[in-house]
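A.B. asks: Below you'll find the structure I mean.
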Amino acid sequence: MQKWYETEGRSQETVVASRVRLLRNLKDYLFPVKLPEEEKKKLTDQLHSQLQGISTVTGLSFHNASFQKFDQNQKEALRERHVINRSAAQKDGAVGLMLSEDESVSLVFNADDHIRLQVSSSGLNLEGAWSRADRIDDFINERFAYGFDQRFGYMTTYPSNLGTGMRAYLILHLPMLAATGRMQTLAGEVGRFGVALKDAYTEDGENLGDLYVAYNQKTLGQSEDDIAAVLTKLGGQIAFQEKKLRRHAAQNHHLERQDAIYKAYGSLKYARILTLKDAMQALSVLRLGACEKLVPMEDFNRLYKLMMDVQPYNLQIHYQKPLKGIELDQARAEYLRENLPEL
Numbered sequence: 000m001q002k003w004y005e006t007e008g009r010s011q012e013t014v015v016a017s018r019v020r021l022l023r024n025l026k027d028y029l030f031p032v033k034l035p036e037e038e039k040k041k042l043t044d045q046l047h048s049q050l051q052g053i054s055t056v057t058g059l060s061f062h063n064a065s066f067q068k069f070d071q072n073q074k075e076a077l078r079e080r081h082v083i084n085r086s087a088a089q090k091d092g093a094v095g096l097m098l099s100e101d102e103s104v105s106l107v108f109n110a111d112d113h114i115r116l117q118v119s120s121s122g123l124n125l126e127g128a129w130s131r132a133d134r135i136d137d138f139i140n141e142r143f144a145y146g147f148d149q150r151f152g153y154m155t156t157y158p159s160n161l162g163t164g165m166r167a168y169l170i171l172h173l174p175m176l177a178a179t180g181r182m183q184t185l186a187g188e189v190g191r192f193g194v195a196l197k198d199a200y201t202e203d204g205e206n207l208g209d210l211y212v213a214y215n216q217k218t219l220g221q222s223e224d225d226i227a228a229v230l231t232k233l234g235g236q237i238a239f240q241e242k243k244l245r246r247h248a249a250q251n252h253h254l255e256r257q258d259a260i261y262k263a264y265g266s267l268k269y270a271r272i273l274t275l276k277d278a279m280q281a282l283s284v285l286r287l288g289a290c291e292k293l294v295p296m297e298d299f300n301r302l303y304k305l306m307m308d309v310q311p312y313n314l315q316i317h318y319q320k321p322l323k324g325i326e327l328d329q330a331r332a333e334y335l336r337e338n339l340p341e342l
């Protein structure tokens, strides 16, 4: 089945994806960190059992899984694809997962909170992601009573998530803003609206692939619609700035841009060893060229998929063996040679 990140979306040249995450805890239950393991297992089983009908709300098929059956590589691979967060990847025991076949909807049970619901959508589509998350949230709430306070909103393990319990995210591809040294200024500008900007992928503290994540910092004192609206507006403004720089570069440095893009393609298609940093940078350059039609590649959505596929743990899952050092870099080069779209 086609994954959500392989589908087309609005403003996808710059806004790769939209994501909404809701945290919910159940009334009359201790938070997972305080819940005895046996009770946690019973609750996880109950959540799995009573939420099987979620397909009627989403129109999607779901896989059920327990973290007890995952090895660490499998959990880290899910983290690299942003299905689960870093905290959940470190959890063992009675943690449950429901994941749609296209990976657009995930529910994690008893990690930091009783329920972590996440909905992803391609392009600039926070309203659509929030609408689907809201329907799923209602479906769950019909079966389980949430912990809710009139003053503080939804009860969450960490106080920073009180209120709506919602974080909205935009995954942005901003190679020109990054190349012109404007990311720090941009982070300051969006910060005035309660929005943070961080790297989507890093290695040794350095950004990989010119991918960034914009998200709301506050969950208390704003409605879900307001959060989505603010981020959508800012996402459009950031996309405008990035596209303006792209047009200028294409008009004034057309040959140089094409040359850099074809060199990036050559390294991806023919290299025998590729570090994560080099692969991500070349994929970023190629994605920029494909979006701007500087190279004949229609399906540039596949390049974001490749950015996830070449992450260390996803490669090890693909090749079904542990890989480190030079072996990992060789495997990455081999995978890209076999899967990079032809020009």
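Mapping the sequence shown onto numbering that gives the first Met the number 0, position 22 (from 1) lands on 21, and the numbers just tick up by one. We put the beta carbon where it would ideally sit given N, CA and C, even for glycine.
1. In whole angstroms, what is the alpha-carbon distance linking Q89 and A249?
2. Report yes if the CB atom of A213 is closer than 8 Å to the CB atom of V229, and no otherwise.
3. With M165 as the anchor, note down where its alpha helix (DSSP H) starts and where it stops.
4. Considering only residues of the stretch 131-198, which uninterrupted alpha helix (DSSP H) runs meet the minimum length of 4 residues and lie entirely inside it, listed in chain order?
5. Could you pull the DSSP bridge partners for T201 from this structure?
6. Counting C-beta neighbours from all protein chains within 10 Å, is the total for M0 16 or more, i.e. buried, or is it exposed?
7. Grouping DSSP H, G and I as helix and E and B as strand, with all else coil, what is M279?
8. Considering only C-alpha positions, which residue in the set A199, Y145, R166, Y334 is nearest to K268?
9. So the candidates are D137, H252, G95, L22; which of them puts its Cα closest to the Cα of T57?
10. So, at 6 Å on beta carbons, what are the nonlocal neighbours of K2 in its own chain, with the 5 sequence-adjacent residues on each side left out?
11. Please work out which residues of its chain come closer than 7 Å, Cβ to Cβ, to S54, disregarding the five sequence neighbours upstream and downstream, and give them in chain order.
12. Taking the continuous alpha helix (DSSP H) assigned at V104, which residues delimit it?
13. Give me, in chain order, the residues of the same chain whose beta-carbon lies closer than 6 Å to that of R80; leave out the 5 immediate sequence neighbours on both sides.
14. Give me the residue from A132, K68, A144 with the minimum Cα distance to Q49.
15. Output the distance between the C-alpha atoms of L282 and L171, rounded to the nearest integer angstrom.
16. Starting from the Cα of E7, find the closest Cα among F147, L106, N124 and give me that residue.
17. Report the partner residues of N215 according to the DSSP bridge assignment.
18. Just tell me which of S10, A110, K41 has its CA closest to the CA of R23.
19. Give every residue of the same chain whose Cβ lies closer than 7 Å to the Cβ of L348, excluding the five residues on either side of it in the sequence, and list them in chain order.
20. Quick check on this structure: which residue in Q117, I325, N140 has the alpha carbon closest to the alpha carbon of A132?
21. Where does Y157 land, buried or exposed, given buried means 16+ other C-beta within 10 angstroms?
22. Short of 7 Å in beta carbon distance, which residues of its chain neighbour V14, apart from the five on each side in sequence? Order them along the chain.
23. Which partner residues of A16 appear in the DSSP bridge assignment?
24. May I have the straight-line CA-CA distance separating L342 from P295, to the nearest angstrom?
C.D. replies: If we stick to the structure as given:
1. To locate residue 89, count along the sequence shown from 1; it is residue 90. To locate residue 249, count along the sequence shown from 1; it is residue 250. Their backbone Cα atoms lie some 44 Å apart in a straight line.
2. By 1-based counting over the sequence shown, the position of residue 213 is 214. By 1-based counting over the sequence shown, the position of residue 229 is 230. Their beta carbons are not under 8 Å apart, which means A213 does not touch V229 by this criterion.
3. The residue given as residue 165 occupies position 166 in the sequence shown. Not the alpha helix (DSSP H): M165 falls in the beta strand (DSSP E), residues 165-172.
4. 174-178, 182-190
5. Taking the first residue of the sequence shown as 1, we reach residue 201 at position 202. Looking at the DSSP output, T201 sits in a beta bridge with N206.
6. The residue labelled residue 0 in the question sits at position 1 within the sequence shown. M0 should be labelled exposed.
7. Taking the first residue of the sequence shown as 1, we reach residue 279 at position 280. Here M279 sits in helix by DSSP.
8. Here residue 268 is taken as the residue at index 269 of the sequence shown, counted from 1. Cα-wise, what sits closest to K268 is Y334.
9. If you number the sequence shown from 1, residue 57 lands on position 58. For T57, the nearest C-alpha among the options comes from D137.
10. Taking the sequence shown and counting its residues from 1, the one referred to as residue 2 is at position 3. Hits under 6 Å: D101, E102.
11. The residue labelled residue 54 in the question sits at position 55 within the sequence shown. Same-chain partners within the cutoff: S60, F61.
12. As a first step, residue 104 must be located in the sequence shown, where it is residue number 105. Unbroken run through V104 is the beta strand (DSSP E), 104-108; no alpha helix (DSSP H).
13. Locating residue 80 in the sequence shown gives position 81, counting from the first residue. Result list for R80: M307, in chain order.
14. Numbered from 1 along the sequence shown, position 50 holds the residue referred to as residue 49. The candidate whose alpha carbon is nearest that of Q49 is A144.
15. Locating residue 282 in the sequence shown gives position 283, where the first residue counts as 1. Locating residue 171 in the sequence shown gives position 172, where the first residue counts as 1. Put simply, the backbone Cα of L282 is about 14 Å away from that of L171.
16. Mapped onto the sequence shown, residue 7 falls at position 8. With distances taken between Cα atoms, E7 lies closest to N124.
17. In the sequence shown, residue 215 corresponds to position 216, counting from 1. Beta-bridge pairing links N215 to V194.
18. Here the question's residue 23 lines up with position 24 in the sequence shown. Nearest option by C-alpha distance: A110.
19. Not covered by the structure: residue 348. The range shown for the chain is 0 to 342.
20. As a position in the sequence shown, residue 132 is number 133, starting the count at 1. The candidate whose alpha carbon is nearest that of A132 is Q117.
21. Against the sequence shown, residue 157 aligns to sequence position 158. By the 10 Å Cβ count, Y157 comes out exposed.
22. To locate residue 14, count along the sequence shown from 1; it is residue 15. Counting only Cβ-Cβ distances below 7 Å, and skipping sequence neighbours, we find G122, L123, L169, L171, G234, A238.
23. In the sequence shown, the residue the question calls residue 16 occupies position 17. Its beta-bridge partners are S121, I170.
24. Within the sequence shown, numbered from 1, the residue matching residue 342 stands at position 343. Within the sequence shown, numbered from 1, the residue matching residue 295 stands at position 296. If I take the Cα positions, the gap works out to 6 Å.
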